[in-house]
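Worksheet for the structure shown next.
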Amino acid sequence: MLYDTLADRTAVITGAASGMGAATARLLAAQGVRVALLARRAERLEELAAKITADGGRALAVAADVTDQASVDAAADLVHRELGRVDLVVNAAGVMLPNPLDAGRADEWQRMLDTNVAGALRVIRAFTADLVAAAAEGRTADLVNISSIGAHITFPNYAVYGATKAALTYLSASLRTELGPRDVRVTNIEPGLTDSELAGHVDNAELSGQLDGMFEALGGLSSDEIADLIAYTTSRARHINLRQLVVLPTRQA
């Protein structure tokens, strides 16, 4: 589809080095959006930015770690210097590290909390003033948070991951009460099985095998399909907020 209304907007996309973040950056840039690519892996960001530029788009690679406040602040400063005010933020950075709770993997718990919850908050803090100002000028302003079906459907051994995504889903709902009256849209997207790098982070061989079996039995969504949903959502007329989207492979639904 073509999303002509996205042209000339400026977006920040976290987790842009791979998966849903990278796919979203490619699609938005193809629609005329200036995209700031945020992630830790600078080399991948540079490659993606070069590809977008070669295709006629505008992209800024910004190496940043959402778990570090100083890094996010520095990234926001660079985005503002190079691209100006932002009117679209996509929180796609995330990590999924399932294990039985009694394994006591406090390192994994902290990493998921820092990335999936606090990381999203840091990015929201850095760019909320931009979104509010854009909306006050009569422009469309969007905050999109990528949560998960795990936010409200429980899976054994995914308790902490699900809890972090439930927190993000709740945060999105609460932010609508604060930002909606100021014409800033907040959309929460909860994908089911999706082909991304999340599965590659799993260090439990049994759970990794289970994931492979689920993809084999149920099929999975592609990152490009999630990107298409984000483009559709953010290209609606500014008075329409698609607030909560659950997207699953048909066999998982």
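Reading the sequence shown from the start, the letters are residues 1174 to 1426 in my numbering. Don't be surprised by glycine CBs; every beta carbon is placed ideally from N, CA and C. Computed from a prediction, not measured in an experiment: that's the story for all the values here.
Which residue's Cα is closest to the Cα of S1321: E1363, A1302, A1336, F1300?
In the sequence shown, the residue the question calls residue 1321 occupies position 148. Taking only the C-alpha atoms, the option nearest S1321 is E1363.
Pull the bridge partners of R1358 from the DSSP assignment, please.
Start at 1 with the first residue of the sequence shown, and residue 1358 comes out as number 185. In the DSSP assignment, the residues bridged to R1358 are D1315.
Residues bridged to T1183 [DSSP beta-bridge criterion]
For the purposes of this step, residue 1183 is taken as the residue at position 10 of the sequence shown. According to DSSP, which records beta bridges pairwise, T1183 is partnered with R1207.
How many whole angstroms separate the CB atoms of V1245 and A1299, which I take to be in contact at a CB cut-off of 8 Å?
The residue you call residue 1245 lines up with position 72 of the sequence shown. The residue you call residue 1299 lines up with position 126 of the sequence shown. The Cβ separation is near 5 Å, so the contact holds.
Flag L1210 as yes if its beta-carbon sits less than 8 Å from any beta-carbon of chain B, otherwise no.
Although the question refers to chain B, the structure presented lacks it and comprises just one protein chain.
What number of angstroms, rounded off, separates the C-alpha of G1224 from the C-alpha of D1401?
The count along the sequence shown starts at 1 and reaches residue 1224 at position 51. The count along the sequence shown starts at 1 and reaches residue 1401 at position 228. The sequence given here has Lys at residue 1224, not Gly. Approximately 19 Å, taken between the alpha carbons.
Quick one: Cα of P1422 to Cα of N1330, how far?
Along the sequence shown, one-based indexing puts residue 1422 at 249. Along the sequence shown, one-based indexing puts residue 1330 at 157. Taking the straight line from one Cα to the other gives about 22 Å.
Return yes when the Cβ of M1285 is within less than 8 Å of the Cβ of A1367, no when it is not.
Stepping through the sequence shown from its first residue, residue 1367 is reached at position 194. Stepping through the sequence shown from its first residue, residue 1285 is reached at position 112. At residue 1367 the sequence reads Thr, which differs from the Ala that was named. Their beta carbons are not under 8 Å apart, which means T1367 does not touch M1285 by this criterion.
N- and C-terminal bounds of the alpha helix (DSSP H) containing L1218
As a working note, residue 1218 is residue 45 in the sequence shown. Segment 1215–1227, the alpha helix (DSSP H) holding L1218.
Looking at L1210: is its Cβ nearer than 8 Å to the Cβ of A1189?
Here residue 1210 refers to the residue found at position 37 when the sequence shown is read from its first residue. Here residue 1189 refers to the residue found at position 16 when the sequence shown is read from its first residue. Taking a C-beta distance under 8 Å as the contact criterion, L1210 and A1189 qualify as a contact pair.
Who are the near neighbours of G1393 in its chain, counting only those whose CB is closer than 7 Å to its CB and skipping five residues on each side?
Translated into positions along the sequence shown, residue 1393 becomes position 220. So the qualifying residues of the chain are L1366, T1367, D1368, P1422.
Less than 8 Å between the beta carbons of G1292 and T1240, yes or no?
Numbered from its first residue, the sequence shown carries residue 1292 at position 119. Numbered from its first residue, the sequence shown carries residue 1240 at position 67. Cβ distance < 8 Å, so G1292 and T1240 count as in contact.
To the nearest angstrom, how far is it from the Cα of A1339 to the Cα of G1229?
Locating residue 1339 in the sequence shown gives position 166, where the first residue counts as 1. Locating residue 1229 in the sequence shown gives position 56, where the first residue counts as 1. Between A1339 and G1229, the C-alpha separation is close to 38 Å.
Quick one: is L1175 buried, meaning 16 or more other Cβ sit within 10 Å of its Cβ, or exposed?
Numbered from 1 along the sequence shown, position 2 holds the residue referred to as residue 1175. Burial is judged here by how many other beta carbons sit within 10 angstroms of a residue's own beta carbon; L1175 has fewer than 16 and is exposed.
Could you have a look at V1252 and say whether DSSP puts it in helix, strand or coil?
As a position in the sequence shown, residue 1252 is number 79, starting the count at 1. Assignment of V1252 by DSSP, reduced to helix, strand and coil, places it in the helix class.
Kindly indicate which three-state DSSP category N1289 falls into: helix, strand or coil?
Residue 1289 sits at position 116 when you count from the first residue of the sequence shown. Note: N1289 maps to helix in three-state DSSP.
Exposed unless 16 or more other CB atoms sit within 10 angstroms - verdict on A1307
The residue given as residue 1307 occupies position 134 in the sequence shown. A1307 comes out buried.
At least 3 beta-carbon pairs within less than 8 Å: the stretch 1245–1265 vs the stretch 1308–1316:
yes
Taking 8 Å as the cut-off, decide whether the C-beta atoms of L1200 and A1404 are in contact.
Locating residue 1200 in the sequence shown gives position 27, counting from the first residue. Locating residue 1404 in the sequence shown gives position 231, counting from the first residue. A contact, by the Cβ cut-off of 8 Å.
May I have the straight-line CA-CA distance separating G1267 from R1254, to the nearest angstrom?
For the purposes of this step, residue 1267 is taken as the residue at position 94 of the sequence shown. For the purposes of this step, residue 1254 is taken as the residue at position 81 of the sequence shown. In this structure, the straight-line span from the alpha carbon of G1267 to that of R1254 is close to 26 Å.
Smallest Cα separation from S1381: which of N1272, L1341, G1192?
For this step, residue 1381 is matched to residue 208 along the sequence shown. Comparing Cα positions, the closest option is N1272.
On the criterion of 16 or more Cβ atoms from any shown chain inside 10 Å, does E1281 qualify as buried, or is it exposed?
Here the question's residue 1281 lines up with position 108 in the sequence shown. Around the beta carbon of E1281, 16 or more other beta carbons sit within 10 angstroms, so the residue counts as buried.
Among all the DSSP beta bridges, which residues are the ones paired with D1368?
Along the sequence shown, one-based indexing puts residue 1368 at 195. Paired residue(s): S1395.
If we ignore side chains and look at the alpha-carbon of each, how far apart do A1426 and I1326 end up?
By 1-based counting over the sequence shown, the position of residue 1426 is 253. By 1-based counting over the sequence shown, the position of residue 1326 is 153. Linking A1426 to I1326 through their CA atoms gives a straight-line distance of about 11 Å.
V1296 (DSSP reduced to helix, strand or coil)
The residue you call residue 1296 lines up with position 123 of the sequence shown. DSSP places V1296 in helix when its eight states are reduced to three.
Between which two residues does the alpha helix (DSSP H) containing A1340 stretch?
The sequence position of residue 1340 within the sequence shown is 167, counting from 1. A1340 -> alpha helix (DSSP H) spans 1332–1352.
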